[in-house]
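Colleague: Quick one: the structure is below, and I'll ask about it shortly.
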Amino acid sequence: DWTPDSFVEETVDALKAQIGEDKVVLGLSGGVDSSVAAMLLHKAIGKNLYCIFVNNGLLRKNEFTDVLEQYKGMGLNVKGVDASARFLDALAGLSDPEQKRKAIGRVFIEVFDDEAHQIQGVNWLAQGTIYPDVIESVSATGGPSATIKSHHNVGGLPDFMKLKIVEPLKALFKDEVRRVGASMGMEKDLLGRHPFPGPGLAIRILGDITPEKVAILQEVDAVFIGELKKSGLYDKVWQAGAILLPVNSVGVMGDERTYEKCVALRAVESTDGMTADWVNLPYEFLQKVSNNIINKVKGVNRVVYDISSKPPATIEWE
Ligand code: XMP
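Okay, so the sequence shown: first residue is 194 according to the UniProt record's numbering, each after it adds one.
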């Protein structure tokens, strides 16, 4: 019978046998899968697991520092790499969604390759791949495999991709990954975290990306997610976030006419992201979030709620 405890025990033994005294590099994303994969490997090989957590400048507000601290608290051998400027430079002037994804994928690979080179004698690349990723191996959403493919076509294979691959979660579904994490004592807020796309806020800022837009969206998103947590709704929602629209609209503030940004809020129910329904959030809740956003976030004067389901809409707007 499959239980999380027996899975952990067997996987840790298998990893020890497979890896021995070798060194392993793993990219942490802040998400559940890479974090659980790291915990398993850490149990098996300790300091020989070298984790790299890249800040692409497109994460949620305070996410990089908070999650990095959390990883350190878990005892992981982790290096935080703030490459925000490199990503934002590469994105400057791009407004096509697929071009933005490609630029982010390319810079990620460059940054990760630079970091992996600094680890002497590394033999293995670990990944938090789960079973659904295996089935969808050529991901239509531009996930890691699609990114790597397009890179491969452009230039040579980066050195870290010539490493041997270890994927301890390859046979598990998401709920099983969460149970494995829980059985190893992973903190609840890390385990219950909503999915977040690799390209981050870049695909929630419609059109071109500037540091100012990122800062505005981080504030809006923080208000929305903060209120979801406060009201106990966060765990009832599969994924939520805010979208910065490339639209200004007229408003009034005191005696002044304003002409500022509009944001959309999105919250969906889903099991795997393939289909999704918008969540019927209470009006009082939406009212509070809208007031807080407009009062607290400079540059935003209008909030709308996305009531589209997937299909035919997608979860992300880009
Ligand atoms: P869509 O927008 O396709 O999203 O309905 C389905 C799920 O996939 C996530 N998503 C991505 N994840 N890279 C990722 O790592 C991407 O380019 C990407 N695009 C969408 C999205 O957040 C949702 O959970």
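Beta carbons are placed, not taken as given, at the ideal position from N, Cα and C, and that holds for glycine.
Tell me, to the nearest whole angstrom, how far the beta carbon of L426 is from that of L251; I am working on the premise that it is less than 8 Å.
Modeller: Not confirmed; about 25 Å, so no contact.
Colleague: Does the Cβ of residue 193 lie closer than 7 Å to at least one heavy atom of the ligand XMP?
Modeller: Because the chain here runs from 194 to 511, residue 193 falls outside it and cannot be looked at.
Colleague: With distance defined between alpha-carbon atoms, name the residue in G298, A364, P504 nearest to T322.
Modeller: A364
Colleague: Any heavy atom of the ligand XMP inside 7 Å of the beta-carbon of K503?
Modeller: Yes; taking the cut-off as 7 Å, the Cβ of K503 has a heavy atom of the ligand XMP nearer than that.
Colleague: Buried or exposed: where does N494 fall if 16 or more other Cβ atoms within 10 Å of its Cβ makes it buried?
Modeller: buried
Colleague: According to DSSP, simplified to helix, strand and coil, what is D215?
Modeller: coil
Colleague: Quick one: using the 10 Å Cβ neighbour count with 16 as the cut-off for buried, is I358 buried or exposed?
Modeller: exposed
Colleague: I212 to V247, Cα distance in whole Å?
Modeller: One alpha carbon belongs to I212, the other to V247, and they sit about 25 Å apart.
Colleague: Please classify G283: does DSSP put it in a helix, a strand, or coil?
Modeller: Position check: residue 283 holds Ala in this sequence, whereas Gly was assumed. Of the three classes helix, strand and coil, the one that applies to A283 here is helix, per DSSP.
Colleague: Would you identify the three-state DSSP class for I238, choosing helix, strand or coil?
Modeller: helix
Colleague: Count Cβ pairs between the region 367–376 and the region 196–204 that sit closer than 8 Å; are there 3 or more?
Modeller: yes
Colleague: Below 8 Å between beta carbons: does that hold for P388 and G466?
Modeller: Cβ distance < 8 Å, so P388 and G466 count as in contact.
Colleague: Tell me the DSSP secondary structure of V496 in three-state form.
Modeller: Here V496 sits in strand by DSSP.
Colleague: Which runs of the alpha helix (DSSP H) spanning at least 4 residues fall entirely within the region 380–423, listed in chain order?
Modeller: 381–384, 404–423
Colleague: For the ligand XMP, is there a heavy atom less than 7 Å away from the beta-carbon of P392?
Modeller: yes
Colleague: Give the straight-line distance between the Cα atoms of A408 and A207, rounded to the nearest whole angstrom.
Modeller: Rounded to the nearest whole angstrom, the C-alpha separation of A408 and A207 is 44 Å.
Colleague: May I ask which residues mark the beginning and end of the beta strand (DSSP E) holding V472?
Modeller: Note, V472: premise wrong, no beta strand (DSSP E); not H, not E.
Colleague: Kindly indicate the opening and closing residues of the beta strand (DSSP E) around V260.
Modeller: Segment 256–266 is the alpha helix (DSSP H) holding V260; no beta strand (DSSP E) there.
Colleague: Taking the beta carbon of G223 as the centre, do at least 16 other beta carbons fall within 10 Å, making it buried, or is it exposed?
Modeller: buried
Colleague: Excluding the 5 residues flanking V430 on each side, which residues of the same chain have their C-beta closer than 6 Å to its C-beta?
Modeller: A460, V472
Colleague: Could you give the distance in angstroms between the alpha-carbon of V482 and the alpha-carbon of M267?
Modeller: 33 Å
Colleague: Between N484 and F478, what straight-line distance do the alpha-carbon atoms span, to the nearest angstrom?
Modeller: 10 Å
Colleague: So what's residue 512 in DSSP terms, helix, strand or just coil?
Modeller: There is no way to answer for residue 512, as the model of the chain reaches only from 194 to 511.
Colleague: State the Cα-Cα distance for the pair A283 and K293, rounded to the nearest angstrom.
Modeller: 9 Å
Colleague: Who are the Cβ neighbours of V201 in its own chain at under 8 Å, not counting the five residues just before and after it?
Modeller: Within the same chain, V201 has close Cβ partners L233, K236, V373, S376, M377.
Colleague: If distances are taken between C-alpha atoms only, which option among A278, A319, Q313 comes closest to V300?
Modeller: V300 has its Cα closest to that of A278, out of A278, A319, Q313.
Colleague: If you draw a straight line from the alpha carbon of D406 to that of K209, how long is it in whole angstroms?
Modeller: Here residue 406 is Lys; the residue named in the question, Asp, does not match the sequence. Answer to the nearest angstrom: the Cα atoms are 46 Å apart.
Colleague: Please determine, among N316, L362, F366, the residue with the shortest C-alpha to C-alpha distance to K355.
Modeller: N316
Colleague: Closest to G419 by C-alpha separation, out of L219, A285, I486, would be which residue?
Modeller: With distances taken between Cα atoms, G419 lies closest to I486.
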